[in-house]
Each structure stands twice: as C-alpha cells, then as structure tokens.
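Here's the structure we're looking at; comments come further down.
Okay, structure coming up:
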C-alpha cells in the first residue's frame with residue numbers, strides 16, 4: 257500500500273508488516289528466522305524467495321567434490337503484527353542476528369472487510 261502520509265504503526269487494531277532479508281551462509285538460516293516468529297506466536301501471511309539480483313550465483317569450493325554453485329536469495333515475508341508491538345520488535349532483533357541484510361518495507365493496517373460483504377460489493381445493484 258502506498259500513502260502520501262506515513263502510517264504510524266499502532267496496537268489498537270490489527271496490523272501487517274512486510275520485511276525483506278538475505279543471508280550469506282548456512283542452510284538453517286530460514287528455519288531460525290521462521291522460529292523467531294513462531295516462538296512469539298506471530299502468524300506469517302506470505303513468504304516468497306527471489307534470486308538476489310546483485311549476487312545470483314555463489315561458487316563454493318569443496319576439496320573433495322570440486323565446485324558447487326548456489327543461488328543466493330532474498331526472502332520477502334508478511335506477518336501479522338505491528339512494529340509498535342514489542343513481540344514484533346524482538347522477533348526482528350533476533351532475525352537480524354541471523355541475516356546479512358534486513359529491511360522493514362512497511363507496517364500497515366490489515367483490511368478486516370470481507371471481500372464479499374455488501375459494503376464492498378460492486379455488482380451495479
């Protein structure tokens with residue numbers, strides 16, 4: 257969502273927060289990141305991975321096997337919590353310990369209106 261004025265995260269209504277992160281090494285980093293949210297009972301609504309544009313392939317030398325090539329990924333996550341909540345702040349502090357890059361893309365109110373409610377219907381009635 258884009259807004260002319262910044263939305264100040266609050267705790268008086270449900271918020272969703274979007275982040276992006278990357279990591280340099282280790283296969284258990286994603287597990288650790290997801291655990292930071294699970295431990296605090298923060299629900300994830302989206303997780304996507306995209307190849308890192310700046311470093312799409314990393315070459316790893318293994319003395320016994322030769323050279324292996326791995327894609328480096330950026331992970332995009334949406335979670336149900338406001339950045340004004342201590343549990344969200346603590347989760348991101350823990351995530352930052354495991355990642356090489358972390359950015360909060362935004363924290364915004366969740367739309368609680370059902371898609372098929374009469375107030376949002378556009379059938380031309």
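Numbering (the numbering used here), first residue to last: 257 to 381. Glycine is no exception: its CB is placed at the ideal position from the N, C-alpha and C atoms.
Report the option in 363, 349, 365 and 362 whose CA atom is closest to the CA atom of residue 288. Start at 1 with the first residue of the chain shown, and residue 288 comes out as number 32. Ranking the options by Cα distance to residue 288, first place goes to 349.
Comparing alpha-carbon positions, which option in 356, 336 and 360 lies nearest residue 293? Counting from 1 along the chain shown, the entry for residue 293 is found at position 37. Nearest C-alpha to residue 293 among 356, 336 and 360: 336.
For residue 356, which residues in the same chain have their Cβ closer than 6 Å to its Cβ, ignoring the five residues on either side in sequence? Numbered from 1 along the chain shown, position 100 holds the residue referred to as residue 356. Within the same chain, residue 356 has close Cβ partners 278, 279 and 280.
Just the Cα atoms here: how many angstroms apart are residue 364 and residue 329? Numbered from 1 along the chain shown, position 108 holds the residue referred to as residue 364. Numbered from 1 along the chain shown, position 73 holds the residue referred to as residue 329. About 25 Å.
What is the rounded straight-line gap between the Cα of residue 226 and the Cα of residue 286? The structure shown does not extend to residue 226, since the chain spans only 257 to 381, so no value can be given for it.
Relative to the C-alpha of residue 297, which residue among 275, 334 and 344 is closest? Your numbering for residue 297 matches position 41 in the chain shown. Each of 275, 334 and 344 was checked against the Cα of residue 297, and the nearest Cα belongs to 344.
Can you give me the C-alpha to C-alpha distance between residue 270 and residue 284, rounded to a whole angstrom? What you label residue 270 is simply residue 14 of the chain shown in a count that begins at 1. What you label residue 284 is simply residue 28 of the chain shown in a count that begins at 1. Approximately 30 Å, taken between the alpha carbons.
Helix or strand or just coil, what does DSSP make of residue 343? Within the chain shown, numbered from 1, the residue matching residue 343 stands at position 87. Reduced to three states, the DSSP call for residue 343 is helix.
Report the three-state DSSP secondary structure of residue 294 (helix, strand or coil). Mapped onto the chain shown, residue 294 falls at position 38. When secondary structure is reduced to three states using DSSP, residue 294 falls in the helix class.
Residues near residue 299 in its chain [Cβ-Cβ closer than 6 Å; skip 5 each side]: Taking the chain shown and counting its residues from 1, the one referred to as residue 299 is at position 43. By the criterion of a C-beta distance shorter than 6 Å, residue 299 is surrounded in its chain by 336, once the five residues flanking it on both sides are discounted.
Pick out whichever of 339, 367, 295 and 354 has its Cα sitting closest to the Cα of residue 397. Past the boundaries of the shown model lies residue 397; the chain is included only from 257 to 381, so the question cannot be answered.
Roughly how many angstroms lie between the CA atoms of residue 301 and residue 333, to the nearest whole one? Here residue 301 refers to the residue found at position 45 when the chain shown is read from its first residue. Here residue 333 refers to the residue found at position 77 when the chain shown is read from its first residue. Distance between the alpha carbons of residue 301 and residue 333 is about 8 Å.
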